[in-house]
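Residue numbers (the working numbering): 24 to 440.
We put the beta carbon where it would ideally sit given N, CA and C, even for glycine.
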Ligand code: DLL
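What follows is the structure, encoded as structure tokens:
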């Protein structure tokens, strides 16, 4: 049984929850019509939804819409009412900017506090917060949620792994939040000492990881590691998170309404089907989003949990609709490669995909690390799971790029597509 931070909300009967969602959805749409001309242009002629299903009549909002309205064109509050802005790193050109009122920050803190308490953190526990502080939502998002949950925060941010190891040793925090790849880096550097460290709980996310990677992190560090999901456009971390039960990521459904849609047609799919996660904010003031196309692929269930949580749960992401690599016409997801590699004896979770093109022919080369690994076995496993030929090098420990706290890019696509 995982404790709840706001039990009356987290276990609200579904009928009551859906009534609340509908009235909040109607207010959100009214707010967009009244206050955001760029949105009113698209939705003013659509009738207000009389049921949650009628949300499907509304158009999707995409990342390109945020870029087109850079920086504040989709905000529903004047700039002087904003308590804070965050922005995505954006590898090319302008970042995407998001804004929060004081009330938005408070809702966000509640959502993250629910996540931390559900993960097994307690008031008075110390949280080593290794998500980046700054424009990225990870650091400050977890920070204010931990504060709301009455934890004490060590705002260490990303980078400087040696110093982080020293602080974990000296301060003895019960909980850590960081990317899963950074948790592995820490475990690796701690070596034999890892299992003796003070940590009990890890709240890990911001990038994809597999069950096998979780097993390795939990085993090495002796912690329970839960998966936390979110995105800046919707609020940041805290959109959803697993509890100690690790049985799906519970969405804060009183604030964010999820849909799963077909990546090609946009049609709404049934619970259990994998498709693109589309999220609508229900309470946000500064930057409400209607049907935001996350590009993240997962499925939903609305079954209540044994411990009485009633909000919808999403599966871990199975990939991204747009990060998919197309190699010689075959769709390849990095998560699929990871899944396959971790089933091979001796292979570590560190790998990199290198895609090159000679003339018109694409080649996939996979760099893996491990000890006593049979290269032919890796090649065979990858070829049968991906359906294309690959080359593989098994390299010594430490050869493949590691996370120093930020997100890890596992693909080196040299094709200039
Ligand atoms: O990564 C927010 C966050 C911070 C989440 C800390 C969790 C922890 P963005 O930088 O806007 O926000 O990136 C959002 O990252 O659309 C997913 O593709 C990916 N992502 C986030 N969490 C997970 C996860 C933050 N648990 C994008 N598993 C999202 C897989 C994730 N991918």
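Residue i beta carbon near ligand 1 (any heavy atom closer than 7 Å)
i           : result
residue 331 : no
residue 159 : yes
residue 250 : yes
residue 271 : no
residue 450 : Examination of residue 450 is not possible in this model, given that the chain is present from 24 through 440 alone.
residue 455 : Any property of residue 455 remains undetermined from this structure, which presents the chain solely from 24 to 440.
residue 230 : yes
residue 123 : no
residue 386 : no
residue 455 : This structure leaves residue 455 out entirely; the chain is present only between 24 and 440.
residue 154 : yes
residue 254 : yes
residue 88  : no
residue 107 : no
residue 127 : no
residue 317 : yes
residue 325 : no
residue 141 : no
residue 164 : yes
residue 343 : yes
residue 188 : no
Separation of residue j from residue i, as counted between CA atoms
i           : j           : result
residue 104 : residue 318 : 30 Å
residue 114 : residue 260 : Confidence at residue 114 is low in this model, with a pLDDT of 45, below 50, so the placement of that residue should be treated as unreliable; the coordinate-derived value is given next. Distance between the alpha carbons of residue 114 and residue 260: 20 Å.
residue 85  : residue 262 : 18 Å
residue 292 : residue 283 : 6 Å
residue 422 : residue 392 : 7 Å
residue 274 : residue 334 : 6 Å
residue 26  : residue 267 : 9 Å
residue 207 : residue 185 : 14 Å
residue 128 : residue 31  : 21 Å
residue 82  : residue 44  : 19 Å
residue 367 : residue 78  : 45 Å
residue 307 : residue 99  : 9 Å
residue 397 : residue 369 : 9 Å
residue 400 : residue 386 : 19 Å
residue 350 : residue 404 : 17 Å
residue 304 : residue 407 : 41 Å
residue 372 : residue 40  : 40 Å
residue 321 : residue 161 : 21 Å
residue 434 : residue 361 : 12 Å
residue 34  : residue 119 : 34 Å
residue 248 : residue 197 : 12 Å
residue 68  : residue 60  : 13 Å
residue 42  : residue 325 : 15 Å
residue 340 : residue 58  : 34 Å
Sheet register partners of residue i (DSSP bridge)
i           : result
residue 76  : BP columns for residue 76 are empty, so no partner.
residue 423 : In the DSSP output, where bridge partners are listed per residue, residue 423 has none listed.
residue 151 : 177, 199
residue 386 : 379
residue 337 : 272, 323
residue 298 : 321
residue 107 : 123
residue 393 : 370
residue 260 : 253
residue 315 : 84, 302
residue 401 : Bridge partners of residue 401: none, in fact.
residue 416 : 390
residue 343 : 319
residue 130 : Looking at the DSSP assignment, residue 130 forms no beta bridge with any residue, so it has no partner.
residue 353 : 350
residue 291 : 284
Residue i beta carbon near ligand 2 (any heavy atom closer than 7 Å)
i          : result
residue 34 : The model depicted lacks ligand 2 and carries ligand 1 instead.
C-beta neighbour in chain B for residue i, strict 8 Å
i           : result
residue 143 : Of the protein chains in the structure, only one exists, and it is not chain B.
Residue range of the alpha helix (DSSP H) that includes residue i
i           : result
residue 361 : 357-364
residue 244 : 234-244
residue 436 : Here residue 436 belongs to no alpha helix (DSSP H); instead the beta strand (DSSP E) covers 434-436.
residue 45  : 37-58
residue 451 : In this structure the chain extends from 24 to 440, so residue 451 is not present and cannot be described.
residue 160 : 160-171
Residue i, enclosing beta strand (DSSP E) - first and last residue
i           : result
residue 248 : 247-254
residue 282 : 279-284
residue 226 : 224-228
residue 33  : First-last for residue 33: 30-33, but that is the alpha helix (DSSP H), not the beta strand (DSSP E).
residue 185 : Premise fails: residue 185 lies in the alpha helix (DSSP H), 184-194, not in any beta strand (DSSP E).
*Would you call the segment 293-312 and the segment 45-53 touching, i.e. three or more CB-CB distances under 8 Å?*
yes
_Segment contact flag, the segment 163-171 with the segment 376-391, C-beta cutoff 8 Å, min 3 pairs_ = no
*Given 8 Å as the limit, is there contact between the segment 139-148 and the segment 184-191, that is, 3 or more CB pairs closer than that?*
no
*Using 8 Å as the Cβ pair cut-off and three pairs as the minimum, do the segment 240-254 and the segment 217-225 touch?*
yes
*Assess, as a yes-or-no matter, whether the segment 88-96 is touched by the segment 230-237 under the definition of 3 or more beta carbon pairs within less than 8 Å.*
no
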